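Notes follow once the structure below has been shown.
Okay, structure coming up:
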């Protein structure tokens with residue numbers, strides 16, 4: 002009986018240790034020497050693939066700075082593994098420990114904060130509409146009877162439907178599995194419009210075969226804080242990440258990264274997104290915080 006109790010006690014302690022490590026990213030990384038970064042294949046200049054397992058972008062670079070500070074905190078060199086995520090699976094993969102830090106284009110909202118945590122806002126997004134330049138579509142009213150593309154697992158079309166100017170406008174949703182697939186729906190004529198974050202629209206237009214064939218039109222549908230996502234209940238990692246973001250803002254490095262990724266030519270085609278930093282983003286940088294989208298809507 003004593004042996005059984007001892008074995009049970011060891012099993013409980015072992016399980017507790019695994020559970021604690023699952024919610025303590027720094028302990029997990031120190032033990033394994035590996036950190037897994039969640040990245041997107043086509044989230045505009047925020048996070049995208051160069052092929053051959055290589056990823057880059059504004060948020061990827063911010064995460065690399067955070068990981069450099071993780072190395073200092075754990076006292077060892079850390080291997081970075083990339084895990085491509087989608088709008089559908091990004092939150093579950095953070096929750097279950099597959100991804101340690103998600104560096105894509107995720108909106109921080111109150112519902113998601115129940116499941117995950119966010120670092121301070123690094124980008125304030127405006128949801129817009131992309132169309133073909135010769136479509137004649139200039140806003141929501143012209144979407145009546147049209148096919149509107151969105152990416153599975155995102156909230157953009159829900160936001161469009163809730164807009165007061167969409168009252169009485171009847172359109173059909175068509176879904177892309179990721180942002181590049183959604184843009185392909187527009188490019189191929191299977192969709193008349195693509196509703197998504199402005200930076201993602203601009204990034205996909207910039208890398209299209211003929212960028213001049215497309216334009217961003219219409220009203221700003223919503224203003225959304227975009228941030229790097231981590232697991233909940235991990236105060237040490239959240240503080241390290243938040244401190245890194247705040248230091249980058251204070252030093253001017255964040256503004257330099259913005260210029261690099263949104264105002265200068267970027268790989269692989271050396272095209273320019275041409276998205277100047279907005280006043281909303283500047284305001285978020287002025288007072289770094291992890292406020293959800295709903296707080297922005299109250300203004």
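Numbering (the numbering used here), first residue to last: 2 to 300.
Built from N, CA and C at the ideal position, the CB exists for glycine as well.
Fair warning: this is a prediction, and the values are worked out from it, not measured in the lab.
As DSSP reads the structure, residue 53 sits in no beta bridge. Beyond the five residues adjoining it in sequence on each side, residue 234 comes within less than 6 Å, by CB distance, of 24 in the same chain, given in chain order. Judged by DSSP secondary structure, residue 194 falls within the beta strand (DSSP E) whose first and last residues are 194-198. Distance between residue 198 and residue 128, taken at the CA atoms: about 4 Å.
By the C-beta density criterion, residue 51 is exposed, having fewer than 16 other C-beta atoms within 10 angstroms. Look at residue 212 here: in three-state DSSP terms it is helix. The residue from 265, 271, 272 with its alpha-carbon nearest to that of residue 278 is 265.
In the three-state DSSP reduction, residue 81 falls in the strand class (E or B).
A residue is called buried when at least 16 other Cβ atoms come within 10 angstroms of its Cβ; residue 40 meets this threshold and is buried.
Where residue 112 is concerned, the enclosing alpha helix (DSSP H) starts and stops at 111-114. Secondary-structure assignment with DSSP links residue 91 through no beta bridge to anything.
Straight-line measurement puts the Cα of residue 247 at about 39 Å from the Cα of residue 175.
When secondary structure is reduced to three states using DSSP, residue 156 falls in the coil class, being assigned neither helix nor strand.
Residue pairing by DSSP places residue 224 opposite 127 in a beta bridge. For residue 232, the uninterrupted beta strand (DSSP E) run begins and ends at 230-232, by DSSP.
Sequence-distant partners of residue 294 (beyond 5 residues in either direction) whose C-beta falls short of 7 Å from its own C-beta, in its chain, are 108, 109, 110, 225, 226. The criterion of a C-beta distance shorter than 7 Å is not satisfied by residue 142 and residue 195. Judged by DSSP in its simplified three-state form, residue 75 adopts helix. Nearest C-alpha to residue 104 among 117, 47, 137, 121: 47.
For residue 246, the enclosing alpha helix (DSSP H) has its first and last residue at 236-252.
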